[in-house]
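Residue numbering for the sequence shown follows the UniProt record's numbering, beginning at 1 and increasing consecutively. Ideal Cβ placement from N, Cα and C applies to all residues, glycine included.
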Amino acid sequence: MSDDSPNRKPLRMPDDNQVFATVTEMLGGRRVTLRCADGEERMGRIPGRMRFRTWVKEGDIVIAEPWDWQDEKAEVVWRYESDDAQQLREEGHIQ
1 MSDDSPNRKP LRMPDDNQVF ATVTEMLGGR RVTLRCADGE ERMGRIPGRM
51 RFRTWVKEGD IVIAEPWDWQ DEKAEVVWRY ESDDAQQLRE EGHIQ
């Protein structure tokens, strides 16, 4: 897809300390299992500010921010809509 395509919209990208991740399992209690782009499997936490506004489900592409003090855990900071996730795949940002 070219950059001047009318369907293309600017998407939020991960900061230096954030990674793309796929939700692989819902654990309950605002917790999910994430398969991160850096090859790690982490337990993710959905913050309260996202709880009722953004429904996260299995298979969703998210931006996760690994915890500084516990690398096997991460905070979910953003969820992509399915169209946005497809655009990320087409542009080669994720598989």
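So for residue i, helix, strand or coil by DSSP?
{"i": "Met1", "result": "Per-residue confidence for Met1 stands at a pLDDT of 45, beneath the threshold of 50, marking its modelled position as unreliable; no derived number is given."}
{"i": "Gly48", "result": "helix"}
{"i": "Ala85", "result": "helix"}
{"i": "Glu72", "result": "coil"}
{"i": "Glu41", "result": "strand"}
{"i": "Glu90", "result": "helix"}
{"i": "Val56", "result": "coil"}
{"i": "Gln95", "result": "coil"}
What span of residues does the alpha helix (DSSP H) with residue i cover, start to end?
{"i": "Arg12", "result": "Taken as a continuous stretch (DSSP letters only), Arg12 belongs to no alpha helix (DSSP H), as it is neither H nor E."}
Terminal residues of the continuous beta strand (DSSP E) containing residue i?
{"i": "residue 111", "result": "No statement about residue 111 is possible, as the shown extent of the chain runs from 1 to 95 and does not include it."}
{"i": "Val32", "result": "31-36"}
Rounding to the nearest angstrom, what Cα-Cα distance links residue i and residue j in this structure?
{"i": "Glu65", "j": "Val19", "result": "6 Å"}
{"i": "Ser82", "j": "Trp69", "result": "32 Å"}
{"i": "Thr24", "j": "Arg31", "result": "11 Å"}
{"i": "Met43", "j": "Gly92", "result": "25 Å"}
{"i": "Thr22", "j": "Trp67", "result": "17 Å"}
{"i": "Trp78", "j": "Glu90", "result": "19 Å"}
{"i": "Ala37", "j": "Lys73", "result": "14 Å"}
So is residue i buried or exposed if we call it buried at 16+ other beta carbons inside 10 Å?
{"i": "Arg12", "result": "exposed"}
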